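Going by my numbering, the first residue of the sequence shown is number 1182, and it counts up by one from there.
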Amino acid sequence: HFAVSAGGVKRHVLDIAAGSDRERFETIGVFPDRSLSSSVAGSMENRYRACFAELGLECHVLEVPRELSPLRDLSAVFSLAKLIRRLKPDVLHCHSSKAGLIGRVAARLGGCDAVCFTPQVMYYTLHSGWRRAVYLAAEKVLAPVTDATVAVSQSEFDDISRDFSFGSRLTHIPNGVLPQPLPADTGNLRRNFEIADDDIFLLSPTRCEPQKDVRTLLLAMSRVHKEELRAKLVVAGAGPQRAELQILTRQLGLEDCVRFAGWVDDMPPLMAAADVIVLSSVREGMPYAILEASAMGKPVIGSRVIGTMDCIQDGRSGYLVPCGDAGAFAEKILQLCGDAELRARLGAGGISLIHETFHRDLMVGKLEALYEGLARRGR
């Protein structure tokens, strides 16, 4: 498993590592541990290497920048190829677009006969103009050497199918999580953000970058705040737009009801303390934040976009609203703020949805079957 991202990608990799059958599979990780930790991952104990060690699994460090860097990326290709020749894996599974770019080339140079790629979000879809053309061209060059591409949502599967002719080499395996028991007391976490017991705690577990469109959520909060003073929003995540978004928060007069938590190493306790989870992204693979919230019985509000619309059943586990529509977000937030019974009903619907469709064991079982098929084909 080779990944060049944290957040949901890291959660995905760790769930596969923890859930796989140890008698049938030997799982080895390869990650840019130091660069990810310094840029996004926070404390030492949450590095990939530490997490793999806790699971009793082998892990190697290969420092790769998250951004494109031709010389460093080329060096990473040869370093990974060398490691592959030594480890001789049956299957190399690359997670994230950057890992897919480096890993698929390195696999062929290193002699690995079976390569699996989970983009989470195809990088070219986040761009326009010449950048989109270049990234799309790179994916089309690498497509013939990709033995299996895994779309983590049905809408992502449909989207990739429109641009590529993968046939049976494209498969849909939804992300999955384990239902989590709620802690008995979350009062301290609420008080850390000056959220009273009778306030409505809205949490957006996201990154401060254009793809996540936190700006729309802030504009929605400016409308909510005029009608519901109890509503408090915490944005939990780092990113290049954080300072810009904090300035917008002051301009909108939301200092009293919006908090920026920065990077949060342990998101589940904060999620458990919240009343409603909100995600305003313009695109996702399949957001773990929504799945984790539903597994905890939390109502969710998200944009009707690829990835997000696959894991929210509108009216059953939460609400889907038009992407970028601050008014629609405000309307649904106010509806949930004013109706505790509705919040409970949607939360219960989310738990049922996880057990039916998005359970971790379902995801891992399908991936194990994929790995076994790729390994047999490679031999």
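Beta carbons are placed, not taken as given, at the ideal position from N, Cα and C, and that holds for glycine.
Fair warning: this is a prediction, and the values are worked out from it, not measured in the lab.
Sequence-distant residues of its chain with Cβ nearer than 6 Å to residue i (five each side left out)
i, result
"residue 1386", "1417, 1448 and 1470"
"residue 1606", "Residue 1606 lies beyond the stretch modelled for the chain, which goes from 1182 to 1560, so this question has no answer here."
"residue 1328", "1295, 1296 and 1555"
"residue 1540", "1357"
"residue 1211", "1183, 1241 and 1243"
"residue 1290", "1262"
"residue 1194", "1182, 1184 and 1276"
Helix, strand or coil at residue i [DSSP, three-state]
i, result
"residue 1306", "helix"
"residue 1531", "helix"
"residue 1480", "coil"
"residue 1196", "helix"
"residue 1518", "helix"
"residue 1412", "strand"
"residue 1259", "helix"
"residue 1426", "helix"
"residue 1496", "coil"
"residue 1318", "helix"
"residue 1537", "helix"
"residue 1473", "helix"
"residue 1455", "coil"
"residue 1440", "strand"
"residue 1487", "coil"
"residue 1293", "coil"
Any non-hydrogen atom of the ligand HEM closer than 7 Å to residue i Cβ
i, result
"residue 1241", "Looking at this structure, you won't find the ligand HEM or any other ligand, since it has none at all."
Nearest to residue i (by Cα), restricted to the options the options
i, options, result
"residue 1326", "1333, 1314, 1275 and 1356", "1275"
"residue 1408", "1280, 1513 and 1329", "1513"
"residue 1437", "1375, 1546 and 1519", "1375"
"residue 1544", "1202, 1523 and 1341", "1202"
"residue 1232", "1269, 1331, 1187 and 1273", "1187"
"residue 1273", "1321, 1208 and 1309", "1208"
Status (buried if at least 16 other CB within 10 Å, exposed otherwise) for residue i
i, result
"residue 1251", "exposed"
"residue 1536", "exposed"
"residue 1356", "buried"
"residue 1312", "exposed"
"residue 1259", "exposed"
"residue 1523", "exposed"
"residue 1235", "exposed"
Proximity below 8 Å, CB of residue i to CB of residue j
i, j, result
"residue 1403", "residue 1433", "yes"
"residue 1266", "residue 1185", "no"
"residue 1484", "residue 1531", "no"
"residue 1287", "residue 1261", "yes"
"residue 1238", "residue 1280", "no"
"residue 1333", "residue 1301", "yes"
"residue 1474", "residue 1452", "yes"
"residue 1200", "residue 1542", "yes"
Own chain residues within Cβ distance below 7 Å of residue i, not counting five before or after
i, result
"residue 1394", "1461, 1462, 1463 and 1505"
"residue 1435", "1399, 1402, 1403 and 1406"
"residue 1566", "As displayed, the chain neither begins before 1182 nor continues past 1560, which places residue 1566 out of reach and without an answer."
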